[in-house]
Amino acid sequence: MIVQHFFAAGPGLQTVAKKDKWKFSRRSFLMASGAAVAAGAASNFLLAGCQPDVEEPVVDDPPDEPPVDVAFELKSVEPEITATKFNFCGICSANCGMIVDVADDKAWRIRGNPACQVAEGHLCVKGYSALKDLYDPDRLKHPMKRTNPEKGPGVDPGWVKIDWDEAFELTAEAFNQAIEEGGPQALGFFSRGHDWMNRLRDAIGTPNHIQHHSTCFTTYTAVWRAAVGTGNRPFMLDVGRAKYLLSFGWDQPSKAKNMSAREYVKAVSNGAKVVYVDPRLTITGSLGGEWIPIKPGTDLAFMLAMIRTIINEELYDQDFVDNNTTGLEQLRDAVQDYTPEWASEITEVPAETIERVAREFATTKPALIPNHKRDAGGPNYQNSWRVAFCTVILNSLVGAMDREGGQIIGRTASMPGFNDVFPPPDFPELATTERVDGFEKHPIIGPTRRGDFSTFPEAQLAGEPYRLKAALFRKHNVLAFPNAPRFVEALKTMDFVAVVDVWPSEMVQMADVVFPEPYYLETSGFGDRVYHAFYPQLALREPVVDPLYDTRGYGGVITGLANAMGYGEYFEGVSGGTFNDERLKALGSSWEELQNSENGMWSDEKPFQGREEWGTESGKIELYSPVLENNNYDPLPYWEPKKAEPTDEYPFYMIISRPPMHKMSQTQNNELMMQAQGTNKLIINAEAAANLGIEDGDEVVVESQANQVTLQAEVIQGIRPDCVCVEHGFGHWSRELTVAFNQGANEGDLIPTLTVEEMVNSKCPGAGSQMQDFCVNVYKA
Amino acid sequence: MKYAMLIDQTKCIGCGACTVECKGKYEASFGVLRTEMKKYESGSFPNVKLRYKKHACMHCFVAACEEICPVDAIWHVEGENGGMVEIDKETCIGCGACVTACPFDVPVLDPEDDNNSEKCSFCAFRVVEGKSTYCAEACPVGAILFGEREDLIAAGESRVSDLQAAGHDKAHLYGKEDTGVLILIDEDYDVYDLVAEGFTLSSIGWRALGSYGSLAVAAAIGGIGYRVVKNRLEEISREKEEGTKA
Chain A
71 MIVQHFFAAG PGLQTVAKKD KWKFSRRSFL MASGAAVAAG AASNFLLAGC QPDVEEPVVD
131 DPPDEPPVDV AFELKSVEPE ITATKFNFCG ICSANCGMIV DVADDKAWRI RGNPACQVAE
191 GHLCVKGYSA LKDLYDPDRL KHPMKRTNPE KGPGVDPGWV KIDWDEAFEL TAEAFNQAIE
251 EGGPQALGFF SRGHDWMNRL RDAIGTPNHI QHHSTCFTTY TAVWRAAVGT GNRPFMLDVG
311 RAKYLLSFGW DQPSKAKNMS AREYVKAVSN GAKVVYVDPR LTITGSLGGE WIPIKPGTDL
371 AFMLAMIRTI INEELYDQDF VDNNTTGLEQ LRDAVQDYTP EWASEITEVP AETIERVARE
431 FATTKPALIP NHKRDAGGPN YQNSWRVAFC TVILNSLVGA MDREGGQIIG RTASMPGFND
491 VFPPPDFPEL ATTERVDGFE KHPIIGPTRR GDFSTFPEAQ LAGEPYRLKA ALFRKHNVLA
551 FPNAPRFVEA LKTMDFVAVV DVWPSEMVQM ADVVFPEPYY LETSGFGDRV YHAFYPQLAL
611 REPVVDPLYD TRGYGGVITG LANAMGYGEY FEGVSGGTFN DERLKALGSS WEELQNSENG
671 MWSDEKPFQG REEWGTESGK IELYSPVLEN NNYDPLPYWE PKKAEPTDEY PFYMIISRPP
731 MHKMSQTQNN ELMMQAQGTN KLIINAEAAA NLGIEDGDEV VVESQANQVT LQAEVIQGIR
791 PDCVCVEHGF GHWSRELTVA FNQGANEGDL IPTLTVEEMV NSKCPGAGSQ MQDFCVNVYK
851 A
Chain B
12 MKYAMLIDQT KCIGCGACTV ECKGKYEASF GVLRTEMKKY ESGSFPNVKL RYKKHACMHC
72 FVAACEEICP VDAIWHVEGE NGGMVEIDKE TCIGCGACVT ACPFDVPVLD PEDDNNSEKC
132 SFCAFRVVEG KSTYCAEACP VGAILFGERE DLIAAGESRV SDLQAAGHDK AHLYGKEDTG
192 VLILIDEDYD VYDLVAEGFT LSSIGWRALG SYGSLAVAAA IGGIGYRVVK NRLEEISREK
252 EEGTKA
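Those protein sequences? They're chains A and B, same order as listed. For the numbering used here, add 70 to where a residue sits in the first sequence, where the first one is 1. For the numbering used here, add 11 to where a residue sits in the second sequence, where the first one is 1.
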């Protein structure tokens, strides 16, 4: 063999140092393969690799025999595991149970907890990557204050390290000054609901608690509150047992939502039929079978025609509808004009397809229209809440509401609340009920205090009805806001911004004071199985390693702040440990028992039984909704088109998606996830691209009425020619995020903001942010 | 080979859980991956099919990389639980011959590790002890199975029958004769950038290659690549076949 000839030609391969060997060998190649070169096999490889840097003498003697049969050893990469800890994932709200293997105080591996009904022993790509978050060297390591008063992208904040006392004092002073000058309402809390934070908010008496949910799922929440009377987070599904899945943009498997992906693949493998209705083909649609590339924002017409067919042909589940719903007669009357032919004109789907799907859906059992946040019924278009309503109606007509293979109302554990365990001193009256973002103007969704990201920037910039002077931010990044550059301008109008975060995010770049918090793997507590709870189950969270940096949990930050601001009395006697213990005791367990549990879980396993009682006044699912009617909304999901249609100036519909490897704009500094997907692209149909002279990989500009971004084009077949799609999460401009910085672009910059008046006039009971109700132009950069 | 992996691409959602779980365990430069997802579209709008492939070393029974390696750094693990194809980093000289030789375009050179060749090791240090691979343990949808080869082939064939009965005419278990990794696909193999089975990688194929050995090695080292050789071999095979028929 020629390879042996190489060996024989050279001295001491086995014993020379690696570097010398490398040089030597390259040289040797040149000589030995001279014949091949002469034969015309020259190449860049040879030319590039043939020159040794330095001629170094080789000191070893040549071996007697060519070393051909070297015995290699297999090397283990695994350290000795010294401890195993229970935790649950904090990246998304599914909260999958985790088991973490630790080697000498260093976490080595995360596995899914088999005892957890969400995880069933596995995690998603994000969960498996979490140790890179924990050990991310870019993490915030101590409190900081800003010295550069200028703020914005590209501006160095001039951080100075401070201690916790100074951080609390500076923030308390600024917050109290804001309250003094503008009243309690001048202070805003931009944060997910949190018991400690909610208490400080109420002690201060500000109405401005602004959360992201109107960009996420309030269209569903509003409809469920009105028509079902329960389910603030109506996303639990029994996909695995369904035999017919009709998806209107429900795409959780391709986004790697752990339980959805697992159950979906199970259903498809068991022969479930899937019809995937979406302008873009994803792996959800393609594994399932039938793809219907519907015109964007017209799902409502498809569903109304389905309702008509199912009712007129009496294909609905008579028992379920009789016993569990009201309003069928009004619904029947309301949908008579919505013929399949009418819907076909709007949706560009053949009438016979709509009719066939309606019949298949109603006659295959169990059938389900799954939903989870930003699908066709999410806050994408002005008419999306009607899609959410049709989802409830259609799932009710086929008896899929809280039944096996259907949409489930999570069986969560019933525990005392924060105010039950720690009765607070009286809270003051709200200074005003009028919020900056106008969220109180929506009677059904307003009381949830979710808040409105799309209206806040315009209201704040206009100063109408008033301006926030200061705010505390946590877990809501700049990139999460529609038209992020506009939001940055709005932020600049505040006197003081405090941010609690794990990473030096874009929001941190806008901060005056930064409170670093621990990564969830460093914290303790327990969590409910909200998204996949067939029975009540709680998961233990124990610190897998000691805290790596000088961080404090959110509850601790709030308490420190409350004390410094003069609201300490509201937190007297309050402790996380007591709270955990008291809540568990109400279930007949205790914090100690949970900590010592063998599988990291508290479970109250009992057989699943579909509910017969619903939370509305009638005790039924109200297909005709008096609650909507009484609050001046349409009581039935009549047809309404979406707002934006293509024009010469903006000829493409815009679709926003999310890749499986990332959680929104939160994970792009994670090296592992970024190696799985490191950027986003402008996804465009091949024919449309050809018309524009765009080839795969070209730089393109995407432009909306709000902004423009530059991306690389990804040319595909599986998207309608009148649509383009961009995945969310990229375009980070914080230079302190060394992995995420400058990768891809933020498609959210393109989303137009709304005024409070525009939002109110859109008559959406969920005040959805209409994240895709705009069109874009695309051209070669 | 006692153990195998079965990658069921008709279940794979392309999420990359295997990619990150593997990369988190085996150190290599940023972007140098032992396993990654590749996306394949077939057909044209609106009749489009989308599939992913877990792109990683197939652990060929007769491995082109092993045959071509000029310093014998690539080897098959011996013993009852062996059969996996490994690269010894201490011996590897980073020449890239295996990169050009591999019919599946798998190995990559790691620029921050002396340009050493990097690829999936089939978690051999675990498998020789009868333990599963990291990627198979990680996969959240059960698309990567680890187990005894005979059992996996039986399970795979059964799944293929089910898929064919459900109308997936092209369902096929790839690699039964050739590779330590079995792939279940429902499209033609070339859609997934796989090579024809039972020929290029078989011992017969390599015997044929043997007679053209000098050409093969020179071509691989010269960067012309395996595919030139493969094309020539296909020619030879056709000629032989035609000869037999005549």
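For every residue, glycine included, the Cβ atom is placed at its ideal position computed from N, Cα and C.
Taking its Cβ as the centre, do 16 or more other Cβ atoms sit within 10 Å of Gly767(A), making it buried, or is it exposed? exposed
Using a C-beta to C-beta distance shorter than 9 Å, which residues of chain A count as neighbours of Ser55(B)? Ala756, Glu757, Gln787
Assigned secondary structure, Gly110(A) (DSSP; H/G/I helix, E/B strand, else coil): Residue placement at Gly110(A) is flagged as unreliable, the pLDDT there being 33, under the threshold of 50; the coordinate-derived value follows with that caveat. The answer is helix: DSSP assigns Gly110(A) an H, G or I state.
Coarse secondary structure for His279(A), derived from DSSP in three states: strand
Beta strand (DSSP E) segments (min. 3 residues) lying fully within the stretch 622-706 of chain A: 671-673
Boundaries (first-last residue) of the beta strand (DSSP E) holding Asn328(A): That residue, Asn328(A), is in no beta strand (DSSP E); its alpha helix (DSSP H) goes 328-339.
Asn666(A): buried (16+ other C-beta within 10 angstroms of its C-beta) or exposed? By the 10 Å Cβ count, Asn666(A) comes out exposed.
Rounded to the nearest angstrom, how far is the Cβ of Val870(A) from that of Tyr723(A), given a contact under 8 Å? With chain A covering 71 to 851 only, the question about residue 870(A) has no answer from this structure.
Could you tell me whether the Cβ atoms of Gly275(A) and Leu500(A) are closer together than 7 Å? yes
For the beta strand (DSSP E) that contains Gln607(A), what are its first and last residues? 607-611
Closer than 7 Å at the beta carbon, the chain A residues around Leu156(B): Going along chain A, no residue has its Cβ under 7 Å from Leu156(B), so there is no contact; the nearest lies around 12 Å.
Out of Ala207(B), Val192(B), Glu208(B), state which residue places its alpha-carbon closest to the alpha-carbon of Thr144(B). When the alpha-carbon of Thr144(B) is set against those of Ala207(B), Val192(B), Glu208(B), the nearest one is in Val192(B).
Does the distance from the C-beta atom of Pro304(A) to that of Trp294(A) stay below 7 Å? yes
What do you get for Val796(A), buried or exposed, if any count of 16 or more other CB atoms within 10 angstroms of its CB means buried? buried
Local Cβ density within 10 Å of Gly105(B), reported as buried at 16 or more and exposed below that: buried
Given that a residue counts as buried once 16 or more other Cβ atoms are within 10 Å of its Cβ, and exposed if not, what is Asn127(B)? buried
For my contact list, Phe287(A) and Ile439(A) are in at a C-beta cut-off of 8 Å; report their separation, rounded to the angstrom. With a Cβ gap of about 15 Å, Phe287(A) and Ile439(A) do not count as contacting.
Consider the Cβ of Arg332(A): report whether some Cβ of chain B lies at a distance smaller than 7 Å. Contact with chain B is found for Arg332(A), since one of that chain's Cβ atoms lies less than 7 Å from the residue's Cβ.
Interface residues of chain A around Ile196(B) at Cβ under 8 Å? None at all; the shortest Cβ gap to chain A is about 13 Å.
I'd like to know if Val335(A) contacts chain B, where contact means its C-beta is closer than 7 Å to some C-beta of that chain. For Val335(A), the answer is yes, since a Cβ of chain B falls inside 7 Å of its Cβ.
Contact check, Asp162(B) vs Ala182(B), beta carbons under 7 Å: no
Establish whether the CB of Cys159(A) and some CB of chain B are separated by less than 7 Å. For Cys159(A), the closest Cβ of chain B is not nearer than 7 Å.
Between Lys60(B) and chain A, is any beta-carbon pair separated by less than 7 Å? yes
Kindly give me the distance between the Cβ atoms of Lys49(B) and Cys23(B), rounded to whole angstroms, as I take these residues to be in contact under 8 Å. Incorrect: roughly 11 Å between the Cβ atoms, too far for contact.
Would DSSP call Ala173(A) helix, strand or coil? In this structure, Ala173(A) counts as strand in the three-state DSSP scheme.
The stretch 587-596 of chain A contacting the stretch 606-623 of chain A, beta-carbon criterion three pairs below 8 Å: yes
Kindly list, in the order they appear in chain B, the residues whose Cβ is closer than 7 Å to that of Pro721(A). Going along chain B, no residue has its Cβ under 7 Å from Pro721(A), so there is no contact; the nearest lies around 17 Å.
Please name the residue in Val309(A), Met376(A), Asn450(A), Val569(A) whose C-alpha comes closest to that of Glu474(A). Val309(A)
Limits of the unbroken alpha helix (DSSP H) element including Arg137(B): 135-138
Out of Leu742(A), Ile789(A), Ser804(A), which one is the CA nearest neighbour of Lys202(A)? The option with the nearest alpha carbon to Lys202(A) is Leu742(A).
Residue burial classification, Ala207(B) (beta-carbon count within 10 angstroms, cutoff 16): So Ala207(B) ends up on the exposed side.
For Gly263(A), the nearest candidate out of Ala256(A), Gln255(A), Asp272(A) (CA to CA): Residue Asp272(A) is the option with its Cα nearest to Gly263(A).
Are Val785(A) and Leu752(A) touching if we call contact CB-CB under 7 Å? no
Would DSSP call Ala39(B) helix, strand or coil? DSSP, read as helix, strand or coil, puts Ala39(B) in coil.
Quick check on Ser213(B): does DSSP put it in helix, strand or coil? Because the pLDDT at Ser213(B) is just 48, under 50, the model does not fix this residue reliably, and the point stays unresolved.
Since Asp674(A) and Ala483(A) are thought to touch, with beta carbons under 8 Å apart, how far apart are those beta carbons, to the nearest angstrom? 7 Å
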